[in-house]
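Asker: From first to last, the protein sequence lines are chains V, Z and B. In terms of my numbering, the first sequence opens at residue 4 and continues consecutively. In terms of my numbering, the second sequence opens at residue 2 and continues consecutively. In terms of my numbering, the third sequence opens at residue 24 and continues consecutively.
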Amino acid sequence: MRRFLGRQLVQLAVVIVGISMLSFSILHVVGDPVVLFVPEGAPKEEHERFRKLLGLDQPVYVQYWRFASRALQGDFGKSWYGDAPVFNLVLERMPPTIYLTLAGLGVALLIAFPLGTIAALRRHSIVDSLCTMVAVAGQAMPIFWLGIMLIIVFAVHLRLLPASGYGTWQHFLMPAFTLGAFLAPITMRLVRSGLIEVLSTDYVKTARAKGLGERMVVLKHAFRNACIPVITVLGLQFGQLLGGAIVTETVFAWPGVATLTVESIRNQDFPVVQCAVVLLALIIVAVNFIVDLAVGLIDPRIRVSV
Amino acid sequence: MRPRTTALTLLTLIAVVIGLVGPAQAQSRDETIVYTITSDVDSWDPPNSVQRTAIIFGYQVFNHLAERDLKTMKVGPSLAVSWKPVDETTWEVKLRQNVRFHDGSPFTARDVKATFDRVLDPTKKLTARGNHAKIKSVEVVDDHTVRFKTDGPYPLFAERLTALVMQSEKVIKDKGHDWMQEHPVGTGPYKLVRWNRRQEHLLVRNDDYWGPKPAYKHVRIRIIPDVATQIAELISGGVDIIKAVAPDQMDVIDKSGVARTSTAPILRTAFLQIDQAGRSGKSPFQDVRVRRAANMAVDAEGIIKHVLNGLGDRVATGVNPMAFGFDPSIQPYKQDIAGAKKLLAEAGFPTGLDFRFRTTIGTVEPGVAQTNEAIIADLAKAGLRAQQSFIGESVPYISQVKEGQAGPMFNWSWGYYSIFDADAVLYDVFTCGQVYSYYCNKQLDDLVHAGRSTLDEKKRADIYVKAQKLLRDDAAYLFKWGLRGVWGISNRMDYQAPRDEIDRMYLVTPRKK
Amino acid sequence: MSTLAERPLSAPPDAVTSAPPRGQVLGRRLWRLKWGLASALVLLAIVASAILAPALAPHDPLQVNIRNRLAPPAWMARGDWAHPLGTDQVGRDLFSRIVHGGRVSLVVGISAVLVASAIGVLLGLGAGYFGPRVDWTIMTLVNVMLTFPFVLLALAVIAVLGPSLQNMIVVLGVAGWPIYCRVVRAETRALREREFVLAGQALGMSHVRVVFRQILPNLVSPIVVIATLQVAQVIILESFLSFLGLGIQPPTPAWGNMLGEGRVYMLNSWWIAAFPGLAIFLTTLVINLMGNALRDWLDPHMKL
């Protein structure tokens with residue numbers, strides 16, 4: 004167990020360094036940031052002056068070191084517009100994003116578990132094909148489109164729910180459903196295939212042979228084991244889920260990190276983009292790490308094979 | 002039992018999460034006006050902001066010495082009860098008594114002096130300084146009397162008093178500039194309760210207000226960048242007042258039964274600025290033939306009729322029909338694609354040319370996205386192929402414009418600082434060296450300066466006719482139209498589109514059934 | 024010995040268990056794929072219409088006519104068959120724009136997937152075939168990439184590079200490779216120990232030859248399946264970026280930016296946004312169905 008933990012930690016550290024490099028390069032390697040500061044057609048000296056001012060005349064590794072050591076202290080610089088410290092700006096917007104993600108995950112599970120179970124138990128029945136069809140259609144549905152449709156139906160025509168914004172539980176319904184619909188198809192398929200696999204294993208057969216009711220078999224024996232792959236994949240899919248949250252936020256003007264990021268990209272406010280990317284990625288890493296550990300604890304075989 | 006527990010856990014989790022954010026809204030909807038803006042302000046210190054929105058915000062929380070009456074459009078008293086010239090270069094102003102700031106301290110002549118001193122101090126570099134540079138000094142006579150010394154005769158004195166909010170001496174001295182950016186302490190009808198950057202502002206009624214009591218207790222100002230969302234919110238009852246509604250969306254609002262539109266001609270002219278001065282580097286548009294070709298390529302009248310549903314007044318230059326000095330006899334350019342192509346060929350571009358065209362949505366110009374698209378298509382017909390470069394918010398957009406990076410062509414409109422005079426656009430947007438001007442022509446500069454140094458109205462009118470002819474013939478910018486604003490207003494309320502574009506929440510009243 | 028390599032290794036085990044007449048088996052398998060085949064036909068039609076767009080479109084997709092704005096689809100009142108799906112907010116023909124927009128979506132989708140699969144397969148082969156050090160390095164890179172949400176990465180890079188067709192392809196391609204890498208690596212590691220590979224090595228074949236001649240051919244099926252499904256994913260992502268105004272720039276028609284521009288008109292001229300949305304939905308739907316069918320056909324036990 005200790006070796007497993009150690010290996011996980013080393014990998015965690017490497018991934019975090021990798022993320023910091025990637026986000027560092029957003030601003031510093033891919034483009035020439037000086038171009039953004041200096042008016043077009045400005046003399047060469049002006050370029051040089053800004054290069055010095057931004058510390059870009061130094062070797063890349065020195066620049067990276069400075070970026071990383073500041074970032075460690077939560078200092079990602081100031082927004083290029085409005086002068087606020089970027090870290091606070093992003094942190095302020097984090098809770099709505101996290102709440103939305105959790106709510107979306109909840110909705111996805113609420114949809115996926117019952118449907119996936121029914122589909123697995125009644126394999127090749129009409130219900131199963133119906134569920135599969137809904138899942139495939141759901142996967143093809145661009146969720147920003149779904150979001151707009153929901154707004155038109157529930158906010159504009161029925162006037163039941165607020166069209167955008169954040170604050171009360173009503174504000175959560177449409178965005179959470181949109182995000183849930185994004186994640187539900189894949190989760191449903193996982194539940195279904197996981198259950199099918201488990202139901203054909205020996206110990207389930209044994210349980211059945213013992214004369215346990217089908218209901219007990221499914222609930223007590225099969226479910227627990229079918230959950231493991233679902234949890235693992237959901238952990239891995241957490242990045243996808245956050246990606247979905249980005250899309251959802253922009254449609255519902257949700258005041259989270261994603262809308263902030265999109266706004267900042269439009270305004271070319273790169274420090275904000277950088278900080279948002281790092282913090283979101285860190286959250287994903289943390290979630291993945293915890294999921295890996297949890298699964299490793301539940302299922303000792305994984306400790307060896309990873 | 003497993004799935005049920007999982008589901009239960011999840012439900013509880015969701016409930017907890019929602020419970021955490023739930024109590025955010027305590028104010029009752031009936032006592033609240035929800036107002037919308039497309040992009041947030043950079044500060045709550047109006048003299049230090051470049052944004053229209055900051056001026057509007059200033060009206061809710063602060064007072065000015067004088068204020069324009071929206072019905073008569075005349076300047077009337079506010080914190081000043083009267084003003085009169087003592088001699089050629091001195092104005093004496095009597096102040097209102099028994100006025101208190103939000104922090105409880107009384108409003109006196111010392112606050113007026115401190116406010117003006119701060120704005121006029123060149124080292125502070127406040128945006129508002131240019132508007133008041135004619136004032137040389139401010140003297141306190143007694144607690145409620147102030148004297149202004151001006152640099153020469155200053156006929157626009159009272160007009161300009163409507164453009165500066167009164168701040169507190171105590172705050173300026175003790176709290177200082179940085180603190181003031183986020184903490185407005187005014188004498189106005191509302192007080193700022195909370196500012197969540199780029200999300201919303203919450204105001205509450207100032208119950209010690211000296212003037213008429215506003216009908217609504219709370220004002221929530223929501224930042225919703227997307228027009229479609231704004232309209233959806235208005236119709237679903239989430240917001241009460243939106244502006245810059247595209248003319249082709251008016252039917253949606255009017256048919257909804259819960260909101261209506263209100264339009265008014267506004268003191269604002271829209272045009273596409275062309276970098277004649279070469280501020281962003283050399284460009285083909287420095288050639289007058291190319292600029293004329295651009296003006297001739299566009300069917301502005303057709304666009305007003307078909308895209309704006311007639312809500313626009315075609316103008317030959319940047320001078321608005323409501324401004325003093327406007328000359329209706331000067332003919333705007335008419336569409337002439339063949340002529341435009343010929344001019345381009347003469348200028349050395351027989352196959353046309355490509356250029357960057359900057360736009361934003363962070364403006365009050367209704368339908369700007371659609372009209373821009375129509376203009377781009379018209380320009381392309383003549384061979385002027387514009388590549389749109391889009392900036393989502395007004396602060397970075399304005400800063401690009403000010404820093405001279407916005408050439409060779411960008412979308413712009415000018416609101417005259419609410420001064421109904423040709424000078425208010427010609428000086429700022431057309432003379433050499435001004436931050437918002439991408440045009441530089443010695444002849445025009447001379448005319449504008451001549452117009453500023455005489456009080457003879459007849460002479461000034463003649464000068465502005467000459468200036469407009471010159472601008473039209475030199476095709477200084479790509480001229481469009483005078484705007485008519487379109488507001489969307491909830492049927493819960495009585496409110497009218499303001500002609501100076503300054504929404505005053507304290508004028509909104511519940512609608513009588 | 025080398026003939027062993029010709030035998031498909033990933034042959035589905037259940038195909039060997041029972042042995043009814045070959046033709047009947049084929050027929051039954053084809054019948055199970057009916058949805059896949061139908062969607063392949065629809066997809067073919069979409070691809071053909073995109074390729075033939077200039078001939079098929081009744082109007083120039085950029086032709087603005089402000090006198091005929093917001094015209095409804097032909098079957099509605101005030102509709103006109105000159106514009107079968109109506110016109111948009113500046114009077115451009117919607118049908119022509121959708122057909123042309125399909126080109127953008129498909130070009131971006133397919134090119135990005137080619138880029139992604141090329142990178143992913145090469146790195147995956149390297150990671151699986153060579154020693155643990157190469158493996159560790161590449162897999163760490165994969166983990167970093169997987170940690171970044173696809174959307175966020177694309178947004179961030181577009182922010183710096185600026186929006187354009189080429190940048191979209193590069194971004195979506197570079198963001199999409201890790202999945203190939205993971206699958207190819209796993210399969211390669213399994214194959215590396217197989218007799219025919221060891222034999223090839225013993226015979227003195229170069230690494231390059233072993234990898235490309237003996238290992239890669241066995242990996243074609245999973246790669247094709249992943250690639251197919253990813254095309255759909257990329258199309259949705261492209262349309263989202265364009266929807267936000269960070270992808271294909273107007274006036275160039277792309278389904279995403281048409282949807283974004285038409286969003287304002289959802290309440291009175293719904294067709295401007297509805298048809299591009301439908302196009303995205305239909306295209307990704309048939310690609311997904313086809314991908315699923317392909318997986319069932321090639322290897323029903325593939326875990327993707």
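A virtual CB, placed ideally from N, CA and C, is assigned to each residue, including glycine. Remember, it's a predicted structure, so these values are computed and weren't measured experimentally.
Identify, in the order they occur along the chain, each residue of the same chain with its Cβ nearer than 6 Å to the Cβ of Z/Cys433, setting aside the five sequence neighbours on each side.
Answerer: Result list for Z/Cys433: Cys441, Asp446, in chain order.
Asker: Answer yes or no: does any C-beta atom of chain B fall closer than 9 Å to that of V/Val276?
Answerer: Closer than 9 Å: yes.
Asker: Measuring CB to CB, does Z/Thr73 end up less than 9 Å from Z/Ala110?
Answerer: Cβ atoms of Z/Thr73 and Z/Ala110: not closer than 9 Å.
Asker: Is DSSP giving V/Thr104 helix, strand or coil here?
Answerer: Looking at V/Thr104 - three-state DSSP - the assignment turns out to be helix.
Asker: Please classify Z/Asp300: is it buried, with 16 or more other beta-carbons within 10 angstroms of its beta-carbon, or exposed?
Answerer: Z/Asp300 should be labelled buried.
Asker: Between the segment 251-285 of chain V and chain Z, which residues of the former have CB atoms less than 9 Å from a CB of the latter, in chain order?
Answerer: Hits within the stretch, in order: Thr253, Val254, Phe255, Ala256, Pro258, Thr262, Leu263, Val265, Glu266, Ile268, Arg269, Asn270, Gln271, Asp272.
Asker: Write down every uninterrupted run of the alpha helix (DSSP H) in the segment 338-386 of chain Z whose length is 4 residues or greater and which is fully enclosed by it, in chain order.
Answerer: Within the segment 338-386 of chain Z, the complete alpha helix (DSSP H) runs of at least 4 residues are 338-347, 369-382.
Asker: Taking the alpha-carbon positions, what's the V/Gly216 to V/Lys208 distance?
Answerer: So the alpha carbons of these two residues sit roughly 12 Å apart.
Asker: Z/Ile331 by DSSP, collapsed to three states: which one?
Answerer: Of the three classes helix, strand and coil, the one that applies to Z/Ile331 here is coil, per DSSP.
Asker: How far does the alpha helix (DSSP H) with V/Thr264 in it extend, from its first residue to its last?
Answerer: Segment 260-269, the alpha helix (DSSP H) holding V/Thr264.
Asker: Can you tell me where the beta strand (DSSP E) with Z/Lys85 in it begins and where it stops?
Answerer: Counting along the chain, the beta strand (DSSP E) containing Z/Lys85 begins and ends at 81-88.
Asker: Does chain B have any CB closer than 9 Å to the CB of V/Ala140?
Answerer: By this cut-off, V/Ala140 is an interface position.
Asker: Flag this pair as yes or no: are the beta carbons of B/Ala97 and B/Pro107 separated by less than 9 Å?
Answerer: Taking 9 Å as the Cβ cut-off, B/Ala97 and B/Pro107 qualify as a contacting pair.
Asker: Compute the Euclidean distance between the alpha carbons of B/Arg52 and B/Trp58, then round it to the nearest angstrom.
Answerer: Approximately 12 Å, taken between the alpha carbons.
Asker: Check for me: the alpha helix (DSSP H) holding Z/Gln336 runs from which residue to which?
Answerer: Counting along the chain, Z/Gln336 falls outside any alpha helix (DSSP H), and DSSP gives it neither H nor E.
Asker: My parser needs the alpha helix (DSSP H) runs of 4 or more residues fully inside the segment 254-291 of chain B; what are they?
Answerer: Here the runs fully enclosed are 278-285.
Asker: Mind pulling the chain Z residues with CB within less than 7 Å of V/Val159?
Answerer: Those within 7 Å of V/Val159 in chain Z are Ala233, Ile236, Ser237.
Asker: Looking only at its chain, what residues have a beta carbon closer than 6 Å to the beta carbon of V/Thr190, apart from the 5 residues adjacent to it on each side?
Answerer: Contacts found: Ala111, Ala115.
Asker: Please report the straight-line C-alpha distance between Z/Trp413 and Z/Glu404, rounded to a whole angstrom.
Answerer: Distance between the alpha carbons of Z/Trp413 and Z/Glu404: 15 Å.
Asker: Identify every residue that forms a DSSP beta bridge with Z/Gly489.
Answerer: Paired residue(s): Z/Ile243, Z/Thr262.
Asker: Buried or exposed for B/Thr306, please, with buried defined as at least 16 other CB atoms from any protein chain shown within 10 angstroms of its CB.
Answerer: Label assigned to B/Thr306: buried.
Asker: Is there at least one Cβ from chain V nearer than 9 Å to B/Leu146's Cβ?
Answerer: For B/Leu146, the answer is no, since every Cβ of chain V falls outside 9 Å of its Cβ.
Asker: By Cβ distance, which residues of its chain are closer than 7 Å to V/Ile199, with the 5 residues on each side in sequence left out?
Answerer: Hits under 7 Å: Ala123, Arg126.
Asker: Kindly indicate which residue of Z/Ile254, Z/Asp227, Z/Glu234, Z/Arg293 has the alpha-carbon position closest to the one of B/Leu267.
Answerer: Ranking Z/Ile254, Z/Asp227, Z/Glu234, Z/Arg293 by Cα distance to B/Leu267 puts Z/Asp227 first.
Asker: State the DSSP-derived secondary structure class of Z/Arg500, mapped to helix, strand or coil.
Answerer: Coil at Z/Arg500, not helix or strand.
Asker: Where does the unbroken alpha helix (DSSP H) through V/Met177 begin, and where does it stop?
Answerer: Element bounds for V/Met177: 172-202.
Asker: Does DSSP put Z/Pro24 in a helix, a strand or coil?
Answerer: With a pLDDT of 42 at Z/Pro24, under the threshold of 50, the modelled position of this residue cannot be trusted, and the question is left open.
Asker: What does B/Ile89 reach in chain Z if we use C-beta pairs closer than 7 Å?
Answerer: In chain order: Gly303, Ile304, His307, Val308, Ala375.
Asker: Looking at C-alpha atoms only, which residue of Z/Gly239, Z/Arg493, Z/Arg485 is the closest neighbour of Z/Pro248?
Answerer: Cα-wise, what sits closest to Z/Pro248 is Z/Arg485.
Asker: To the nearest angstrom, how far is the alpha carbon of B/Ile295 from that of B/Ala94?
Answerer: Answer to the nearest angstrom: the Cα atoms are 10 Å apart.
Asker: Can you find a C-beta in chain V that's less than 9 Å from the C-beta of Z/Val22?
Answerer: Note that Z/Val22 scores 48 on pLDDT, short of 50, meaning its location in the model is unreliable; the coordinates nonetheless yield the value given after this. By this cut-off, Z/Val22 is an interface position.
Asker: List, in order along the chain, the chain V residues whose C-beta lies closer than 9 Å to that of B/Phe304?
Answerer: The contacting residues are Ala140, Ala143, Met144, Pro145, Trp148.
Asker: Does DSSP put Z/Arg195 in a helix, in a strand, or in coil?
Answerer: Strand.
Asker: Check whether the Cβ atoms of Z/Leu193 and Z/Trp45 sit closer than 9 Å, and answer yes or no.
Answerer: Yes, they are a contact pair.
Asker: Under a Cβ-count criterion, where at least 16 other Cβ atoms within 10 Å of its own Cβ denotes burial, should Z/Trp92 be classed as buried or exposed?
Answerer: So Z/Trp92 ends up on the buried side.
Asker: Taking a contact to mean a Cβ-Cβ separation below 9 Å, would you say V/Gly259 touches V/Glu252 in this structure?
Answerer: Contact: yes.
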